[in-house]
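These notes concern the structure reproduced below.
2 protein chains.
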Amino acid sequence: MTTTDIPATMRGVIMHAPGDVTVEDREVPRVVEPTDAVLRVEAACICGSDLWPYRGVQPVEDQPMGHEYVGTVVEVGSAVRDVKVGDFVVGSFCVSDNSCEICTSGFPSRCVNGGFVGGTQAQYTRIPQADGTLVVVPGGKPEDPEVIASLLAASDVLGTGWFGAVAAQAGPGKTIAVVGDGAVGLSAVLAAKALGAERVIAFSRHEDRAALAREFGADVVVAERGDEGAAKVKELTGGLGAHGVVEAVGNQVSMDQAIASCRPGGHVGFVGVSHGVSLDGQSLFFAEVSLLGGPAPVRRFLPDLIDRILAREIDPGKVFTMRLPLEQAAEGYEAMDERRAIKVLLEV
Amino acid sequence: MTTTDIPATMRGVIMHAPGDVTVEDREVPRVVEPTDAVLRVEAACICGSDLWPYRGVQPVEDQPMGHEYVGTVVEVGSAVRDVKVGDFVVGSFCVSDNSCEICTSGFPSRCVNGGFVGGTQAQYTRIPQADGTLVVVPGGKPEDPEVIASLLAASDVLGTGWFGAVAAQAGPGKTIAVVGDGAVGLSAVLAAKALGAERVIAFSRHEDRAALAREFGADVVVAERGDEGAAKVKELTGGLGAHGVVEAVGNQVSMDQAIASCRPGGHVGFVGVSHGVSLDGQSLFFAEVSLLGGPAPVRRFLPDLIDRILAREIDPGKVFTMRLPLEQAAEGYEAMDERRAIKVLLEV
């Protein structure tokens with residue numbers, strides 16, 4: 009085990025119950041498995057999915073929060089080879105060895121030795137399968153805080169939006185529609201455009217989000233929802249529907265809207281964690297669209313995303329419309345819950 | 009309009025109500041639209057999907073039956089260019105102009121000028137969009153009745169099984185599982201093997217069907233169903249699941265079994281017309297499989313299938329385990345309903 013000076017305690021976010029978020033003293037996590045690494049977190053953030061337990065839609069009790077992170081390695085286990093103490097790293101919210109058959113087929117989010125990262129809204133965090141989960145940022149910690157914010161976005165929302173756009177087969181000549189104007193939806197707009205989509209249609213009825221969608225490359229912003237929203241997409245595509253659609257909300261209305269907005273033979277990528285969604289088999293059969301969703305295999309995209317961010321080709325950190333010190337995390341949850349912020353970055 | 013000697017009346021199958029099938033005198037259909045052709049049907053057959061109304065699962069009243077066919081063109085409309093009187097043709101059960109944006113993207117089953125063929129269990133049938141829907145068999149009507157049977161199979165069951173295997177991304181190095189041992193499922197076994205799958209796992213607990221599955225290339229036949237069937241596939245694939253799965257039944261158990269048999273990142277092609285199937289969004293999200301189903305775009309595959317059949321590379325006509333004269337159609341429905349025949353060919 010290689011290590012550096014690590015304190016015994018730290019500050020970290022705990023959600024005790026829905027709506028009850030505090031920052032508390034906690035023990036600093038240390039290497040447990042030989043494949044672990046411990047990071048000093050440089051920046052963390054609050055995820056749209058953290059709002060499910062915050063709003064009581066998902067059970068929660070005294071849970072250390074956070075699964076997005078950039079940080080500096082302070083300790084590695086004896087089996088860690090590619091990541092060294094002092095490296096500045098980004099990692100996926102999914103743990104992956106990046107070498108099993110599922111990982112190498114492109115789905116590190118479902119690694120056979122995988123799991124989920126947790127507790128990154130804190131000063132330190134333990135990352136399992138460090139060699140597979142983490143990617144070292146070339147050149148070390150960037151000086152520009154905007155670049156750090158963008159790298160942080162890559163850890164989940166950008167990577168998830170990117171997966172949605174890839175699943176929707178965004179590319180040259182394609183019209184891609186994006187359902188959802190949260191940080192993931194906006195990231196999907198950016199991704200679709202970066203992947204070469206000819207036209208990106210965003211759905212939004214909030215001026216701040218619509219503005220960011222446009223900045224990220226949306227050619228059209230549609231205010232209508234549900235069947236009316238889908239009808240609008242058909243109207244914009246000669247009656248056929250979009251070639252591909254990204255669903256980035258996770259409820260029944262958004263899922264139905266996504267499928268209805270897609271042309272037969274098109275592709276729907278659904279990356280909003282499904283809550284209470286049910287799909288009728290016969291409707292899906294006659295929609296005749298390809299459907300792929302799930303926890304995003306962010307690790308697959310990370311090296312490319314890091315390159316694009318360092319080259320300033322993409323600026324996904326703009327989804328962070330509020331920045332707060334870690335100590336004020338509760339205020340960040342409130343702001344996201346009330347939709348006053350698209351996404352909140354926590355300065356650690 | 010070009011035409012040849014066509015009688016005024018013919019014999020054709022009518023389903024009056026569930027379980028009530030007769031062969032009756034009917035008017036011979038003639039060209040209506042300039043894009044139509046009329047065929048003298050050389051062979052037709054009974055489809056698994058014809059059993060839904062036969063069993064009362066789907067409403068039916070005095071309906072001319074049949075949507076699979078091979079035949080000789082006897083009349084064409086003024087706008088028909090590529091198909092001529094005297095040509096021996098195979099066509100899809102879906103009408104397609106084969107030139108619209110959806111057709112050319114590979115989904116003629118959802119042609120913007122499309123629809124469904126009907127009433128082919130008869131001596132004559134009218135085919136809309138003849139140039140797009142029909143494919144001329146090179147060399148004219150084959151002498152070998154086995155080849156004619158195989159061409160007839162291409163019209164739906166083979167084309168549908170093929171689509172399922174393509175949607176499941178069957179190919180070299182892949183393990184493909186097939187749920188359903190009806191004619192479509194068996195055709196999917198043949199298709200998966202013809203497309204180069206390394207290993208094909210068929211599900212069957214009927215010895216005649218299992219034997220044909222083996223003849224079509226199944227390497228393993230699994231008798232277990234549902235969760236146990238899926239567990240067996242995982243056991244056979246190092247705990248991961250099949251790379252791709254074809255669902256060829258259309259009910260809840262088969263759909264759940266198909267998804268559960270597939271590895272994360274794998275592909276499920278579902279070609280059994282869904283009846284009463286509901287998919288839980290969250291389960292599908294965490295299954296993380298690609299899902300594509302719908303009426304098969306048979307026309308996309310027909311030229312290739314015809315070539316393979318004429319070269320005797322594949323023998324899909326073996327799904328016809330019973331042959332009856334058209335007049336005995338009712339007996340054929342009964343035999344399929346009682347699973348005494350896998351598929352019944354009607355000699356016209």
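Read top to bottom, the protein sequences are chains A and B. Heads up: take any position in the first sequence, counting from 1, add 8, and you land on this note's numbering. Heads up: take any position in the second sequence, counting from 1, add 8, and you land on this note's numbering. Each residue gets a CB set at the ideal place from its N, CA and C atoms; glycine is no exception. Source: prediction; values computed, not measured.
Proximity test, B:L318 beta-carbon vs the ligand MG heavy atom, cut-off 7 Å: Although the ligand MG was asked about, the structure shown includes no ligands whatsoever.
Inter-residue Cα distance where the pair is A:I22 and A:Y341: Counting from 1 along the first sequence, the entry for residue 22 of chain A is found at position 14. Counting from 1 along the first sequence, the entry for residue 341 of chain A is found at position 333. Inter-residue distance for A:I22 and A:Y341 is about 12 Å (C-alpha atoms, whole angstroms).
Rounded C-alpha distance that separates A:A157 from A:G247: In the first sequence, counting from the first residue as 1, residue 157 of chain A sits at position 149. In the first sequence, counting from the first residue as 1, residue 247 of chain A sits at position 239. Their Cα atoms are separated by approximately 40 Å.
Exposed unless 16 or more other CB atoms sit within 10 angstroms - verdict on A:V88: Counted from its first residue, the first sequence places residue 88 of chain A at position 80. In this structure A:V88 is buried. Its beta-carbon is surrounded by 16 or more other beta-carbon atoms within 10 angstroms.
Cα-Cα separation between A:E215 and A:V197, rounded to whole angstroms: Mapped onto the first sequence, residue 215 of chain A falls at position 207. Mapped onto the first sequence, residue 197 of chain A falls at position 189. Between A:E215 and A:V197, the C-alpha separation is close to 16 Å.
Reduced DSSP category for A:K92 - H, G, I as helix; E, B as strand; rest coil: Position 84 of the first sequence, counted from the first residue, corresponds to residue 92 of chain A. Looking at A:K92 - three-state DSSP - the assignment turns out to be coil, as it is neither helix nor strand.
Residue-chain proximity (A:D288, chain B), Cβ-Cβ < 8 Å: To locate residue 288 of chain A, count along the first sequence from 1; it is residue 280. For A:D288, the answer is yes, since a Cβ of chain B falls inside 8 Å of its Cβ.
Buried or exposed by the 16-neighbour rule on C-beta atoms within 10 Å, applied to A:G94: Within the first sequence, residue 94 of chain A is the residue found at index 86, counting from 1. Within 10 angstroms of the beta-carbon of A:G94 lie fewer than 16 other beta-carbons, which makes it exposed.
Contiguous beta strand (DSSP E) assignments of at least 3 residues, all confined to the segment 294-329 of chain B: Whole beta strand (DSSP E) segments, 3+ residues: 298-301.
Closest Cα partner of A:S262 within the set A:K92, A:G249, A:V281, A:H251: By 1-based counting over the first sequence, the position of residue 262 of chain A is 254. Cα-wise, what sits closest to A:S262 is A:V281.
Test: B:P67 CB closer than 8 Å to a CB of chain A: Translated into the one-based positions of the second sequence, residue 67 of chain B becomes position 59. So, not an interface residue.
Neighbour list for B:S262 in chain A, Cβ cutoff strictly below 9 Å: Numbered from its first residue, the second sequence carries residue 262 of chain B at position 254. Near B:S262 there are no residues of chain A at all, since even the closest Cβ is about 10 Å away, more than 9 Å.
Best match in B:A25, B:F96, B:E236 for proximity to B:D58 [C-alpha to C-alpha]: As a first step, residue 58 of chain B is located in the second sequence; it is residue number 50 there, counting from the start. Nearest C-alpha to B:D58: B:A25.
For A:S286: DSSP bridge partner residues: Against the first sequence, residue 286 of chain A aligns to sequence position 278. Beta-bridge partners assigned by DSSP to A:S286: B:D288.
Partners in chain B for A:V109, counting only beta-carbon separations shorter than 7 Å: Here residue 109 of chain A is taken as the residue at index 101 of the first sequence, counted from 1. Looking at the sequence shown, residue 109 of chain A is not Val but Glu. Listed along the chain, the chain B residues whose CB falls inside 7 Å of the CB of A:E109 are L248.
Cβ shell of A:F309 (< 6 Å), same chain only, five flanking positions each side left out: Here residue 309 of chain A is taken as the residue at index 301 of the first sequence, counted from 1. Take A:F309, set aside five residues on each side of it, and the residues of its chain with a beta-carbon closer than 6 Å to its own are G167, W170, in chain order.
Listed by chain order, chain A residues near B:R271 by CB distance under 7 Å: Locating residue 271 of chain B in the second sequence gives position 263, counting from the first residue. What B:R271 touches in chain A: I110.
CA-to-CA distance, B:V103 to B:S163, given in whole angstroms: If you number the second sequence from 1, residue 163 of chain B lands on position 155. If you number the second sequence from 1, residue 103 of chain B lands on position 95. Distance between the alpha carbons of B:S163 and B:V103 is about 12 Å.
Whole-angstrom distance between A:M73 and A:G127, CA atom to CA atom: Within the first sequence, the letter at position 119 stands for residue 127 of chain A. Within the first sequence, the letter at position 65 stands for residue 73 of chain A. Looking at the two C-alpha atoms, the distance is approximately 5 Å.
Delimiting residues of the alpha helix (DSSP H) encompassing B:I156: Position 148 of the second sequence holds residue 156 of chain B. Where B:I156 is concerned, the enclosing alpha helix (DSSP H) stretches over 153-162.
DSSP state of A:I184 mapped onto helix, strand, coil: Within the first sequence, residue 184 of chain A is the residue found at index 176, counting from 1. Three-state DSSP puts A:I184 in a strand.
Touching by the beta-carbon criterion (3+ pairs, under 8 Å), the segment 305-322 of chain A and the segment 141-160 of chain A: With the cut-off at 8 Å, the segment 305-322 of chain A and the segment 141-160 of chain A touch.
Nonlocal neighbours in the same chain, by C-beta distance under 6 Å from B:L299, ignoring five residues either side: Taking the first residue of the second sequence as 1, we reach residue 299 of chain B at position 291. Once the five neighbours on either side are set aside, the close Cβ partners of B:L299 are V276.
A:E296 at chain B interface by Cβ criterion, 8 Å: As a position in the first sequence, residue 296 of chain A is number 288, starting the count at 1. Yes, A:E296 lies at the interface with chain B (some Cβ there is under 8 Å from its Cβ).
CB of B:L142 within 8 Å of CB of B:V97, strictly: Here residue 142 of chain B is taken as the residue at index 134 of the second sequence, counted from 1. Here residue 97 of chain B is taken as the residue at index 89 of the second sequence, counted from 1. In this structure, B:L142 sits near B:V97, with a CB-CB distance shorter than 8 Å.
Secondary structure of B:C119, DSSP reduced to three states: Numbered from its first residue, the second sequence carries residue 119 of chain B at position 111. The answer is coil: DSSP assigns B:C119 none of H, G, I, E or B.
Whole-number beta carbon distance between A:V186 and A:A210, since they are thought to touch under 8 Å: To locate residue 210 of chain A, count along the first sequence from 1; it is residue 202. To locate residue 186 of chain A, count along the first sequence from 1; it is residue 178. That belief holds up - the Cβ atoms of A:A210 and A:V186 are roughly 5 Å apart, short of 8 Å.
Proximity test, Cβ basis, 8 Å: B:G114 and chain A: Residue 114 of chain B sits at position 106 when you count from the first residue of the second sequence. At least one chain A Cβ lies under 8 Å of B:G114.
Cβ of B:P303 within 8 Å of any chain A Cβ: If you number the second sequence from 1, residue 303 of chain B lands on position 295. Yes - at least one Cβ of chain A is within 8 Å of the one on B:P303.
CB contact below 8 Å: B:L292 versus chain A: Sequence index remark: in the second sequence, residue 292 of chain B carries index 284 (1-based). The beta carbon of B:L292 falls within 8 Å of a beta carbon belonging to chain A, placing the residue at that interface.
Opening and closing residue of the alpha helix (DSSP H) in which B:E223 lies: Numbered from its first residue, the second sequence carries residue 223 of chain B at position 215. In the DSSP assignment, B:E223 falls within the alpha helix (DSSP H) that extends over 215-223.
Test: A:S117 CB closer than 8 Å to a CB of chain B: To locate residue 117 of chain A, count along the first sequence from 1; it is residue 109. Yes, because at least one Cβ of chain B sits closer than 8 Å to the Cβ of A:S117.
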